[in-house]
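Taking it in order: structure first as structure tokens, then the write-up.
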Amino acid sequence: MLKKFLTVSVLLLVIVIGVSFGEAKPTIDTSSLDKGIVDVTYKATDGLKYKVLISKDDTKITYPFSADGKTETFPLQLGNGTYKVGLLKNVSGTKYVYVTQQSVTLNLKDPNIVYLNSVQNVNWNEDLKAIAFGQDLLKKSTTNSSRLETLYKYLVKNMSYDYDKIPTLTSDYIPSVEKTYEDLKGICYDYSALFASIEREQGIPTKLVKGYSKYVEGYHAWNEILIDGKWYIIDNTVDSTWKGSTATLVMKKNEKYYTKVYEY
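Position 112, counted from 1, in the sequence shown is what numbering that gives the first Met the number 0 calls 111; the numbers after and before it change by one each time, with no gaps.
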């Protein structure tokens, strides 16, 4: 459901570090390492395409970056240890150069705290109507299990898959939680970002996951949520498209039908 071009890009990197004359220096803010996140800020004037690259050991994850002066937040979800956080710009074809790079060390007592944050692709705050709605919907829920079930049932019943959106997507598409809530439709990436945002605000660690499912053709997105010490796979998108059919909906999916590639 999520077109494969939305997967993390493979970059051919030219290892050069520098900032164009006259441009403000980029900043990589590590003051929130205790939450497992870093903030990147940069305003470019060259009109080039930018990306953030976060790596640890042999794993590299890239993110689109607007470079419009706004701060964007990224998770350090690869466990404790030393990360390299870099800002890169596209100079030609698939060639990128480093604008800046910084090493940071993560040492969290609870690695699941990473999945409570507002980050680039699960971007929320308490001023959003989507979050206010979630607070109202779940205010009578007294356990995390009931908060999960209540939100799941609402999204499956009320959301619809936006098939017309697929042809309009670009490789740097980022979900808008607010727009998804207002429209009550979207692709799997949208469903997953909305679900994760509302559950995170409730204090429940929730992942947005990308990969493959036997229920779906092509690249897909879904959620994992931590309930009573165990991670469960939740796929609101699949169940929303199945409603009204003869299929029996099962909220907690069997992991054998899912292959994870990235989690945020």
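C-beta: ideal position from N, C-alpha, C; glycine also.
Straight-line measurement puts the Cα of Asp38 at about 11 angstroms from the Cα of Pro25. Counting the other CB atoms within 10 Å of its CB gives Asn222 a total of 16 or more, which places it among the buried residues. The beta carbons of Leu207 and Val121 sit closer together than 9 angstroms. Where Ile130 is concerned, the enclosing alpha helix (DSSP H) starts and stops at 128-136. Contact between Ile186 and Tyr160 holds, with the beta-carbon distance rounding to 7 angstroms and staying under 8 angstroms. Residue nearest to Lys128 within the set Ser196, Asp57, Lys69, Leu168 is Ser196 (criterion: CA-CA distance). Between Asn235 and Val155, the beta carbon gap of about 6 angstroms places them in contact (Cβ cut-off 8 angstroms).
Annotation: the continuous beta strand (DSSP E) that includes Ser91 extends over 80-91.
If you draw a 10 Å sphere on the C-beta of Val237, you find 16 or more other C-beta atoms in it, and that means buried. Going by DSSP, Asn157 is part of the alpha helix (DSSP H) stretching over 143-157. Secondary structure of Ser196 (DSSP, three-state): helix.
DSSP places Trp123 outside both helix and strand once states are collapsed to three, so it counts as coil. Comparing C-alpha distances from Tyr162 to each of Thr240, Pro110, Lys251 shows the shortest one belongs to Thr240. Beta-bridge partners of Pro63 (DSSP): Lys50.
In the three-state scheme derived from DSSP, where H, G and I count as helix and E and B as strand, Asn235 is classed as helix.
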